[in-house]
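Chemist: Note that my numbering numbers the sequence shown so that position 132 is 477, with each residue one more than the last. We put the beta carbon where it would ideally sit given N, CA and C, even for glycine. Following this message is one structure expressed as structure tokens.
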Amino acid sequence: MRTYQGMKMRISGDTFNIIIFLGRPAAGKSEVIDYIKKTEKSELKKNLFISDYETLDDFVDLWEKGEEDDILEDLGRQRLYTKKDPTGYSVADKFLYKFLIKKINASFHKKYLNRKDFFDNHTLFIEFSRGGIDAYKTAFSLLSKEILKRAVVFYTQVSFDESCRKNRRRYNPDAKDSILQHALPDYVMEVYRVDDWDNLTYSKSDYFEAGNIKIPYYTFLNEPELTDDFKKLAPAVKSGMDKLKITAENF
346 MRTYQGMKMR
356 ISGDTFNIII
366 FLGRPAAGKS
376 EVIDYIKKTE
386 KSELKKNLFI
396 SDYETLDDFV
406 DLWEKGEEDD
416 ILEDLGRQRL
426 YTKKDPTGYS
436 VADKFLYKFL
446 IKKINASFHK
456 KYLNRKDFFD
466 NHTLFIEFSR
476 GGIDAYKTAF
486 SLLSKEILKR
496 AVVFYTQVSF
506 DESCRKNRRR
516 YNPDAKDSIL
526 QHALPDYVME
536 VYRVDDWDNL
546 TYSKSDYFEA
556 GNIKIPYYTF
566 LNEPELTDDF
576 KKLAPAVKSG
586 MDKLKITAEN
596 F
């Protein structure tokens, strides 16, 4: 069931090993995860095929880089990767986008890869957002094969205008480092005007390829918004996980 060549490493028992959550900023990725985390454990395993979960989110790593740049600046050195914005930190050097993917790899290898039987009773969530030509294609080319061969992808799709609207709406100036309440300035949001998800997945309806590995995916349409009401969101997430499980079982 867990050999790589047979592509049976995505599910242990009846639960996913790794779910990668993608989408534009404020698309609803974190809200979907928040809904999952508030679902009863027994229902979570039975209906959504998710075990006890842990999370890797590159926003946490980006914020840490911002804090490190603050320290450098305080000590009279130049900032390296981030700049301060009224809403928090943003990427100053595009190299950081690649660094953050490699940081996910490093965290995965350090925290999870060598934990025997971790995926027998856990599901790992990985969350990030990318914008620009070939941005997701590049990200997946950098992700560890040890992640890719265990992963399915849940992509939350909204238009650029909707992403901007929700980004402004969610901002809480007293919680700038919060995954659910942080925001990006409008000029930074322009990075996400171009989204290459459709280009990455256009040839197949249920999987795409990265590094010669077939990765099951589901595109969740969140416009009109569903993530603002768990009663509306629940059947949509259930439908997506059902389809992901069927696809994952075929690899």
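Would the stretch 494-503 count as touching the stretch 361-376 if we require 3 or more Cβ pairs under 8 Å?
Modeler: Because the criterion of three Cβ pairs below 8 Å is met, the stretch 494-503 and the stretch 361-376 touch.
Chemist: Whole angstroms is fine: what's the gap from Gly477's alpha carbon to Ala451's?
Modeler: Position 132 of the sequence shown, counted from the start, is the residue given in the question as residue 477. Position 106 of the sequence shown, counted from the start, is the residue given in the question as residue 451. If you take the alpha carbons of Gly477 and Ala451, they lie about 24 Å apart.
Chemist: Below 6 Å CB to CB, which residues in the same chain sit around Ala581 once its five sequence neighbours on both sides are set aside?
Modeler: Residue 581 sits at position 236 when you count from the first residue of the sequence shown. Closer than 6 Å at Cβ, skipping near neighbours: Leu571.
Chemist: With a threshold of 7 Å between beta-carbons, can Lys455 be considered close to chain C, or not?
Modeler: Among the chains in the structure shown there is no chain C, since it carries only a single protein chain.
Chemist: Tell me whether Glu376 is buried or exposed, calling it buried when 16 or more other Cβ atoms sit within 10 Å of its Cβ.
Modeler: Mapped onto the sequence shown, residue 376 falls at position 31. Buried, because 16 or more other Cβ atoms sit within 10 Å of the Cβ of Glu376.
Chemist: With DSSP collapsed to three states, give me the class of Glu412.
Modeler: Start at 1 with the first residue of the sequence shown, and residue 412 comes out as number 67. Reduced to three states, the DSSP call for Glu412 is helix.
Chemist: Consider the C-beta atom of Val539 and the heavy atoms of the ligand FAD; say whether any pair is separated by less than 6 Å.
Modeler: As far as ligands go, the structure on display features none, and thus does not contain the ligand FAD.
Chemist: Given a cut-off of 7 Å, decide if Ala480 and Ile446 are closer than it, judged by their beta-carbon atoms.
Modeler: Translated into the one-based positions of the sequence shown, residue 446 becomes position 101. Translated into the one-based positions of the sequence shown, residue 480 becomes position 135. No, the pair does not count as a contact, with Cβ atoms beyond the cut-off.
Chemist: Am I right that Leu367 and Ser508 are in contact with their C-beta atoms under 8 Å? What's the rounded C-beta distance?
Modeler: As a first step, residue 367 must be located in the sequence shown, where it is residue number 22. As a first step, residue 508 must be located in the sequence shown, where it is residue number 163. At roughly 13 Å, the Cβ-Cβ gap does not stay under 8 Å, so Leu367 and Ser508 are not in contact.
Chemist: Along the beta strand (DSSP E) that carries Lys559, what are the first and last residues, could you check?
Modeler: Here residue 559 refers to the residue found at position 214 when the sequence shown is read from its first residue. Counting along the chain, the beta strand (DSSP E) containing Lys559 begins and ends at Ile558 to Leu566.
Chemist: Using 8 Å as the cut-off, can you tell me whether the stretch 392-402 makes contact with the stretch 463-472, which would need three or more C-beta pairs spanning the two stretches below that distance?
Modeler: Contact between the stretch 392-402 and the stretch 463-472 is present, because at least three Cβ pairs lie under 8 Å.
Chemist: Is Ile454 buried or exposed, if buried means 16 or more other CB atoms sit within 10 Å of its CB?
Modeler: Start at 1 with the first residue of the sequence shown, and residue 454 comes out as number 109. Reading the sequence as shown, one finds His at residue 454 and not Ile. So His454 counts as exposed.
Chemist: Out of curiosity, what's the CA-to-CA distance linking Leu529 and Lys391?
Modeler: Residue mapping note: residue 529 aligns to position 184 of the sequence shown, counting from 1. Residue mapping note: residue 391 aligns to position 46 of the sequence shown, counting from 1. Answer to the nearest angstrom: the Cα atoms are 36 Å apart.
Chemist: By the three-class DSSP mapping on this structure, what secondary structure does Ala496 have?
Modeler: Taking the first residue of the sequence shown as 1, we reach residue 496 at position 151. In this structure, Ala496 counts as strand in the three-state DSSP scheme.
Chemist: Alpha carbon to alpha carbon, how far is Lys429 from Ser435?
Modeler: Position 84 of the sequence shown, counted from the start, is the residue given in the question as residue 429. Position 90 of the sequence shown, counted from the start, is the residue given in the question as residue 435. Going from the Cα of Lys429 to the Cα of Ser435 covers about 7 Å.
Chemist: Excluding the five sequence neighbours on either side, which residues of its own chain have a C-beta within less than 6 Å of the C-beta of Leu545, listed in chain order?
Modeler: Counting from 1 along the sequence shown, the entry for residue 545 is found at position 200. These residues qualify, in order along the chain: Tyr481, Lys482 and Phe553.
Chemist: Excluding the 5 residues preceding and the 5 following Ser523 in the sequence, name in chain order all residues of the same chain whose CB lies nearer than 8 Å to its CB.
Modeler: Along the sequence shown, read from residue 1 onward, the residue named residue 523 stands at position 178. Hits under 8 Å: Asn517.
Chemist: Per DSSP, Ala555 forms a beta bridge with which residues?
Modeler: For this step, residue 555 is matched to residue 210 along the sequence shown. Ala555 pairs with Ile558.
Chemist: Taking Phe366 as part of the beta strand (DSSP E), name the residues at either end of that continuous run.
Modeler: For the purposes of this step, residue 366 is taken as residue 21 along the sequence shown, with counting starting at 1. Ile363 to Gly368 is the extent of the beta strand (DSSP E) around Phe366.
Chemist: Distance check for Lys511 and Ser584, CA to CA, integer angstroms please.
Modeler: Against the sequence shown, residue 584 aligns to sequence position 239. Against the sequence shown, residue 511 aligns to sequence position 166. Computed Cα separation, rounded: 24 Å.
Chemist: Report the three-state DSSP secondary structure of Gly598 (helix, strand or coil).
Modeler: Look at the range of the chain in this structure, 346 to 596, and you will see that residue 598 is not part of it.
Chemist: Here's the rule: buried if 16 or more other CB atoms are within 10 angstroms of the residue's CB, otherwise exposed. What is Phe404?
Modeler: Reading the sequence shown from its first residue, position 59 is the one you call residue 404. The residue is buried, with at least 16 neighbouring Cβ atoms inside 10 Å.
Chemist: Cβ of Ala593 within 7 Å of Cβ of Ile381?
Modeler: Here residue 593 refers to the residue found at position 248 of the sequence shown. Here residue 381 refers to the residue found at position 36 of the sequence shown. Cβ atoms of Ala593 and Ile381: not closer than 7 Å.
Chemist: Using a Cβ-Cβ cutoff of less than 8 Å, which residues in the same chain neighbour Thr348 once the five nearest sequence positions on both sides are dropped?
Modeler: Taking the first residue of the sequence shown as 1, we reach residue 348 at position 3. Below a pLDDT of 50, predicted positions are generally treated as unreliable, and Thr348, at 43, falls in that range; no measurement from the model is reported.
Chemist: My output table needs one value for Val405: the three-state DSSP class, helix, strand or coil.
Modeler: Here residue 405 refers to the residue found at position 60 of the sequence shown. It is helical.
Chemist: Near Phe505, which residues of its chain fall below 6 Å by C-beta distance, leaving aside the five closest residues on each side in sequence?
Modeler: Counted from its first residue, the sequence shown places residue 505 at position 160. Excluding positions up to five away in sequence, the list reads Arg538.
Chemist: Helix, strand or coil for Leu488 per DSSP?
Modeler: Residue mapping note: residue 488 aligns to position 143 of the sequence shown, counting from 1. It is coil, neither helix nor strand.
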